[in-house]
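> Chain order of the listed sequences is A and B. If you're matching positions, the first sequence starts at 172 in the numbering used here and goes up one per residue. If you're matching positions, the second sequence starts at 172 in the numbering used here and goes up one per residue. Glycine is no exception: its CB is placed at the ideal position from the N, C-alpha and C atoms.
Number of protein chains: 2
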Amino acid sequence: MEINEIYETLIEQIEQHISKGEISFLREILTELNVVDTAQIMEELADKNRLTVFRVLPKDISAEVFSYLEPDTQADIVRMITDAELERLLDEMFLDDTVDFLEEVPANVVTRVLAHSDPETRKLINRFLKYPEDCAGSLMTIEMVHLQTSLTAAQAIEKIRKTGVDKETVYTCYCIDREHHLLGSVPLLSLLLCDENALVGDIMEDDAQLISVNTLDDREYVVDIVKKYDLLSVPVVDNEKRLVGIITVDDIVDVIEEEVTEDFEKMALLAPSDDEYLKTGIFKLARNRILWLLILMISGTFTGKIIEGYETLLAGFVALTASMPMLMGTGGNAGSQVSTLIIRGLAVGEIEIKDYLKIVWKELRVASICGLVLGAANILRMYLFSEGTLEVFLVVSLAMFCAIVVAKLIGCSLPIFAKIVKLDPALMAGPMIATLVDIVTLVIYFGLAKAFLL
Amino acid sequence: MEINEIYETLIEQIEQHISKGEISFLREILTELNVVDTAQIMEELADKNRLTVFRVLPKDISAEVFSYLEPDTQADIVRMITDAELERLLDEMFLDDTVDFLEEVPANVVTRVLAHSDPETRKLINRFLKYPEDCAGSLMTIEMVHLQTSLTAAQAIEKIRKTGVDKETVYTCYCIDREHHLLGSVPLLSLLLCDENALVGDIMEDDAQLISVNTLDDREYVVDIVKKYDLLSVPVVDNEKRLVGIITVDDIVDVIEEEVTEDFEKMALLAPSDDEYLKTGIFKLARNRILWLLILMISGTFTGKIIEGYETLLAGFVALTASMPMLMGTGGNAGSQVSTLIIRGLAVGEIEIKDYLKIVWKELRVASICGLVLGAANILRMYLFSEGTLEVFLVVSLAMFCAIVVAKLIGCSLPIFAKIVKLDPALMAGPMIATLVDIVTLVIYFGLAKAFLL
Chain A
172 MEINEIYETL
182 IEQIEQHISK
192 GEISFLREIL
202 TELNVVDTAQ
212 IMEELADKNR
222 LTVFRVLPKD
232 ISAEVFSYLE
242 PDTQADIVRM
252 ITDAELERLL
262 DEMFLDDTVD
272 FLEEVPANVV
282 TRVLAHSDPE
292 TRKLINRFLK
302 YPEDCAGSLM
312 TIEMVHLQTS
322 LTAAQAIEKI
332 RKTGVDKETV
342 YTCYCIDREH
352 HLLGSVPLLS
362 LLLCDENALV
372 GDIMEDDAQL
382 ISVNTLDDRE
392 YVVDIVKKYD
402 LLSVPVVDNE
412 KRLVGIITVD
422 DIVDVIEEEV
432 TEDFEKMALL
442 APSDDEYLKT
452 GIFKLARNRI
462 LWLLILMISG
472 TFTGKIIEGY
482 ETLLAGFVAL
492 TASMPMLMGT
502 GGNAGSQVST
512 LIIRGLAVGE
522 IEIKDYLKIV
532 WKELRVASIC
542 GLVLGAANIL
552 RMYLFSEGTL
562 EVFLVVSLAM
572 FCAIVVAKLI
582 GCSLPIFAKI
592 VKLDPALMAG
602 PMIATLVDIV
612 TLVIYFGLAK
622 AFLL
Chain B
172 MEINEIYETL
182 IEQIEQHISK
192 GEISFLREIL
202 TELNVVDTAQ
212 IMEELADKNR
222 LTVFRVLPKD
232 ISAEVFSYLE
242 PDTQADIVRM
252 ITDAELERLL
262 DEMFLDDTVD
272 FLEEVPANVV
282 TRVLAHSDPE
292 TRKLINRFLK
302 YPEDCAGSLM
312 TIEMVHLQTS
322 LTAAQAIEKI
332 RKTGVDKETV
342 YTCYCIDREH
352 HLLGSVPLLS
362 LLLCDENALV
372 GDIMEDDAQL
382 ISVNTLDDRE
392 YVVDIVKKYD
402 LLSVPVVDNE
412 KRLVGIITVD
422 DIVDVIEEEV
432 TEDFEKMALL
442 APSDDEYLKT
452 GIFKLARNRI
462 LWLLILMISG
472 TFTGKIIEGY
482 ETLLAGFVAL
492 TASMPMLMGT
502 GGNAGSQVST
512 LIIRGLAVGE
522 IEIKDYLKIV
532 WKELRVASIC
542 GLVLGAANIL
552 RMYLFSEGTL
562 EVFLVVSLAM
572 FCAIVVAKLI
582 GCSLPIFAKI
592 VKLDPALMAG
602 PMIATLVDIV
612 TLVIYFGLAK
622 AFLL
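1. Count the other C-beta atoms from every protein chain shown that fall within 10 angstroms of the C-beta of I374 of chain B, then say buried if there are 16 or more, exposed otherwise.
2. Which of the three DSSP states, helix, strand or coil, is assigned to M172 of chain A?
3. Based on the DSSP output, what are the partners of I385 of chain A in its beta bridges?
4. Whole angstroms is fine: what's the gap from T323 of chain A's alpha carbon to L295 of chain B's?
5. Could one say the Cβ of G471 of chain B lies closer than 8 Å to chain A's Cβ atoms, at least one of them?
6. Apart from the five residues just before and just after G360 of chain A, which ones in its own chain have a Cβ nearer than 8 Å to its Cβ?
7. Going by beta-carbon coordinates alone, are L266 of chain B and I313 of chain B separated by less than 8 Å?
8. Helix, strand or coil, according to DSSP, for T560 of chain B in the structure here?
9. With 8 Å set as the bound, which would you pick, yes or no: does the beta-carbon of I177 of chain B sit closer than that to a beta-carbon of chain A?
10. Here's the rule: buried if 16 or more other CB atoms are within 10 angstroms of the residue's CB, otherwise exposed. What is Y481 of chain B?
11. Should I232 of chain A be flagged as near chain B, meaning a C-beta pair shorter than 8 Å?
12. Among B:P596, B:M603, B:K590, B:C573, whose alpha-carbon lies nearest the alpha-carbon of V614 of chain B?
13. Count the other CB atoms, across all protein chains shown, that sit within 10 Å of the CB of Y392 of chain B; report buried if there are 16 or more and exposed otherwise.
14. So the alpha helix (DSSP H) Y392 of chain B belongs to, where does it begin and stop?
15. Would you kindly work out how many angstroms separate the C-alpha atoms of S383 of chain A and R259 of chain B, rounded to a whole number?
16. From the DSSP output, in three-state form, read off V341 of chain A for me.
17. Spatial neighbours of S470 of chain A within its chain, please: C-beta separation below 7 Å, excluding the five flanking residues on both sides.
18. Taking DSSP's pairing of strands, which residues face G355 of chain A in a bridge?
19. For L645 of chain B, which three-state DSSP category applies?
20. Any idea which residues DSSP pairs C306 of chain B with across the strands?
21. Beta carbons nearer than 9 Å to chain A: which residues of the region 550-571 of chain B have them?
22. May I ask which residues mark the beginning and end of the beta strand (DSSP E) holding V415 of chain A?
23. Note down the Cα distance separating L491 of chain B from T612 of chain A, rounded to an integer number of angstroms.
24. Beta-carbon of K593 of chain B versus every beta-carbon of chain A: anything under 8 Å?
25. Taking Cβ positions only, does N504 of chain B come closer than 8 Å to chain A?
26. Can you tell me whether DSSP reads L402 of chain B as helix, strand or coil?
27. I'd like to know whether the C-beta of A369 of chain A is nearer than 8 Å to at least one C-beta of chain C.
28. Among A:Y616, A:E447, A:A325, which one has its Cα closest to the Cα of M499 of chain A?
29. I581 of chain A: which of A:K191, A:M495, A:V408, A:S510 sits nearest, CA to CA?
30. Report the rounded CA-to-CA distance for M172 of chain B versus L261 of chain B, giving the unit in angstroms.
31. Mind listing the chain B neighbours of T180 of chain A? Cutoff is C-beta to C-beta under 9 Å, in chain order.
32. Could you spell out the range, first to last residue, of the alpha helix (DSSP H) harbouring L285 of chain A?
33. Does the CB of T492 of chain B have a neighbour CB from chain A at under 8 Å?
34. Beta-carbon separation of V276 of chain A and Q245 of chain A under 8 Å?
35. Looking at the strands, I want to know which residues DSSP matches up with T312 of chain B.
36. Would you please verify whether the beta carbon of T223 of chain B is less than 8 Å from any beta carbon of chain A?
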């Protein structure tokens with residue numbers, strides 16, 4: 172909460188300075204702030220004040236702040252500033268930030284931005300906008316340092332000094348030949364630590380060790396590579412192995428968050444969506460949810476049919492009907508526990524398809540332990556709280572044992588089968604598992620009841 | 172799969188070279204490999220071959236490879252190497268890697284390692300081991316560059332050159348006073364780009380903008396800070412604001428993964444566990460699962476009691492009993508959809524407690540849309556597949572509408588209530604929501620049935 176209070180005080184001060192026209196005080200406050208905080212504060216200001224703040228910021232800072240704003244706010248600002256201001260803004264922004272912003276704003280804003288970019292930038296932007304959204308190409312930036320292998324370390328440092336791009340894109344420099352083929356990489360630190368007359372070609376880490384990704388590689392793959400090798404950046408090459416950009420670790424962190432959100436959504440059987448919850452309209456939210464609810468609801472026809480078939484049995488033993496929700500709930504919970512572990516294990520690479528039999532064997536034993544404990548607890552529970560005979564209690568507990576075993580087996584199998592047929596394992600989570608477990612559990616339950624009670 | 176094949180070929184080659192005693196060939200292969208790959212390959216080798224590979228690697232590389240090995244393998248190696256080798260290894264390793272490894276291995280290995288550390292390191296290790304596992308102190312490294320503000324840029328670069336620590340820990344240098352108080356930070360790039368006679372004190376970003384964390388801050392807070400400000404590293408200070416270490420972004424990426432796994436586990440009502448699934452024993456796995464299964468199973472007593480109370484009603488209308496699983500399943504699914512969105516929104520900061528009323532109003536409308544569509548679909552479904560009268564179908568559909576509305580309200584409320592009372596919202600996910608929704612749904616269902624059918 173503390174941070175929010177600081178923001179509120181700052182917003183108050185800023186609004187006061189603006190209303191009194193005290194621009195120099197305003198500037199003083201703003202220069203003390205981190206760009207991320209400035210962006211967050213600007214989100215809270217009224218349109219007119221926001222524009223004032225934007226105009227008071229030095230040009231390079233305002234471009235950086237702009238890239239941290241929400242797409243709606245970015246679009247508003249673009250609509251309000253003059254052509255000259257827009258051109259200066261675009262000039263200062265990093266290309267990947269410009270592309271990110273253009274991907275989110277309405278078409279008329281995109282048109283205006285493209286009209287005010289210089290022809291070279293416009294060509295680049297258009298190329299970037301064409302990369303599919305989930306691939307390496309759409310994540311990369313082209314602001315980076317290329318070094319010819321024939322430079323000395325001192326010359327290389329001089330070149331970096333002159334290029335002077337953003338810090339996060341320069342800590343690893345990439346070496347290319349005349350045709351822009353990627354030859355190797357040199358950490359800035361190596362350039363500093365080596366003899367200043369050493370040749371870049373001699374100190375670079377060459378092809379064998381160099382890790383790169385293709386523009387069309389899936390972004391999940393890029394995340395895995397960066398995580399696995401603890402990289403600060405990874406070079407992106409086209410199909411001819413020419414260096415076209417780099418992806419930095421801060422963008423990777425954002426992708427990890429997005430991918431995780433997508434997994435959470437799929438596991439809850441929601442259509443994945445990039446939109447923030449609070450900003451999504453109710454019809455879109457409803458649409459994202461209805462399809463799967465409908466499918467699982469209709470599959471409820473099976474449980475209904477099974478129950479109809481045992482009408483007389485159920486009429487004879489009220490405890491059987493009364494135990495149904497508890498039994499199916501326990502089965503569903505047991506299944507969702509294991510499917511979550513398997514889905515997550517597959518996602519982080521701890522589990523592979525070839526481990527399937529090992530997993531089944533493990534789950535059989537774990538399920539037996541859980542089933543025994545819960546079955547015993549259930550007899551006690553029913554003895555204390557339920558109407559009915561010991562035979563009925565035993566049937567319920569036996570069915571519970573079977574339900575847990577079946578649920579654990581279904582729960583560990585479906586995510587792996589999904590992986591085999593190249594579906595997303597995340598779909599095979601709680602709700603999906605529970606629906607299947609319901610059906611199997613009822614068949615076993617009534618089968619046992621018929622065998623032991625009639 | 173491709174990468175696995177490469178590994179297999181390499182492993183075969185390595186094993187052959189070792190069996191033939193061709194150490195120079197072995198060394199040649201190993202020098203071409205990234206340390207992460209070497210570590211992964213070593214995991215697959217037999218104990219004896221693994222030791223050979225470890226001994227063939229240059230000392231600095233072997234220490235880096237060692238830090239990427241699994242704790243079991245690390246312990247094995249420590250048990251097999253000589254005292255002199257152990258001392259050299261400890262000498263080359265980064266302190267945070269040593270601490271990470273000591274946190275995971277058996278006590279006798281820890282004792283041996285501590286016995287062979289020099290007194291200074293031993294003191295540091297013991298201090299690190301005392302930090303609670305989830306705090307900033309346990310994540311930080313002490314390998315970093317301190318700069319006095321009175322140095323010139325050229326002198327600072329010379330100091331970095333001489334210290335020559337790992338690349339990821341040097342790209343931001345920290346300025347301190349004589350008492351080690353943190354004064355500011357200087358990106359390495361700024362040192363390079365500025366005039367070489369400029370003073371560090373003049374080019375550093377000073378206190379107002381400097382972001383730091385306390386040794387005892389929760390690691391989730393550290394993750395949020397690094398993500399929010401796109402940092403490559405963040406300085407860690409003690410209660411007297413003295414600089415004691417830094418945390419680098421690669422460790423943050425690992426923490427994000429661990430925190431997400433913990434959320435997934437809690438949402439599936441599993442006791443959180445750091446262990447890899449395949450390496451966890453069946454009793455531990457069972458123990459992690461039984462508690463919540465048991466609690467939810469016992470709460471099934473409520474649904475049982477409700478059903479027992481309506482015995483005669485149910486006996487009169489078989490479609491009512493037959494629709495129970497479908498109805499409760501749909502309610503559970505609808506609730507788990509929204510609780511997932513809210514839990515995730517709270518985790519990434521898109522949703523705050525103060526948004527609660529906005530969310531309720533939104534969910535009321537979304538639930539109405541979902542409820543209308545599913546209710547209508549259900550009448551059609553029952554008309555086609557079920558026995559019973561139109562009145563019964565209408566009661567089921569009306570109950571479904573109510574179940575969805577109730578489920579959405581419970582699903583959006585519980586995570587936020589959990590947050591208010593400082594419980595983890597992740598606990599209020601699918602299984603927990605479903606159990607509550609079950610109870611409310613049955614009460615509504617039978618109430619409607621009694622009103623309209625009797």
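Per the coordinate set shown:
1. Looking at its Cβ environment, which holds 16 or more other Cβ atoms inside 10 Å, I374 of chain B is buried.
2. With a pLDDT of only 47 at M172 of chain A, under 50, the local geometry of the prediction cannot be trusted, and no value is derived from it.
3. This sequence places Asn at residue 385 of chain A; Ile is not what is there. Looking at the DSSP assignment, N385 of chain A forms a beta bridge with A:V408.
4. Those two C-alpha atoms are separated by around 40 Å.
5. It does; some Cβ of chain A falls within 8 Å.
6. At residue 360 of chain A the sequence reads Leu, which differs from the Gly that was named. Y342, listed in sequence order.
7. If you check the CB distance, L266 of chain B and I313 of chain B come in under 8 Å.
8. DSSP places T560 of chain B in coil when its eight states are reduced to three.
9. Taking 8 Å as the CB threshold, I177 of chain B stays off the interface with chain A.
10. Y481 of chain B counts as buried, since no fewer than 16 other beta carbons sit within 10 angstroms of its beta carbon.
11. It does not: the Cβ of I232 of chain A has no partner Cβ on chain B nearer than 8 Å.
12. When each option's Cα is compared against that of V614 of chain B, the closest is B:C573.
13. Burial state of Y392 of chain B is exposed, judged by a 10 Å Cβ sphere holding fewer than 16 other Cβ atoms.
14. Annotation: the continuous alpha helix (DSSP H) that includes Y392 of chain B extends over 390-399.
15. S383 of chain A and R259 of chain B: Cα-Cα distance of roughly 33 Å.
16. Three-state DSSP puts V341 of chain A in coil, outside helix and strand.
17. Same-chain partners within the cutoff: T606.
18. Per DSSP, A:C346, A:D377.
19. Missing from the structure shown is residue 645 of chain B; chain B here goes from 172 to 625 and no further.
20. Bridge partners of C306 of chain B: B:D389.
21. For the region 550-571 of chain B, the set of positions with a beta-carbon nearer than 9 Å to some beta-carbon of chain A reads R552, M553, L555, F556, S557, E558, M571 in chain order.
22. Segment 414-419, the beta strand (DSSP E) holding V415 of chain A.
23. Going by the C-alpha atoms only, they are around 19 Å apart.
24. So no, K593 of chain B is outside the interface.
25. Yes, because at least one Cβ of chain A sits closer than 8 Å to the Cβ of N504 of chain B.
26. Coil.
27. Absent from the structure is chain C; the protein chains it does hold are A and B.
28. It is A:Y616.
29. Cα-wise, what sits closest to I581 of chain A is A:S510.
30. Residue confidence for M172 of chain B is low, a pLDDT of 47 falling below 50, so the modelled location carries little weight; the figure read from the coordinates is stated next. It is roughly 35 Å from the alpha-carbon of M172 of chain B to the alpha-carbon of L261 of chain B.
31. Below the 9 Å Cβ cutoff, chain B contributes no neighbours of T180 of chain A, its closest Cβ being approximately 15 Å away.
32. Segment 278-286, the alpha helix (DSSP H) holding L285 of chain A.
33. Taking Cβ atoms only, chain A reaches closer than 8 Å to T492 of chain B, which makes this a yes.
34. Against a cut-off of 8 Å, the Cβ pair of Q245 of chain A and V276 of chain A comes out as a contact.
35. Looking at the DSSP assignment, T312 of chain B forms a beta bridge with B:I417.
36. No, its Cβ sits nowhere closer than 8 Å to a Cβ of chain A.
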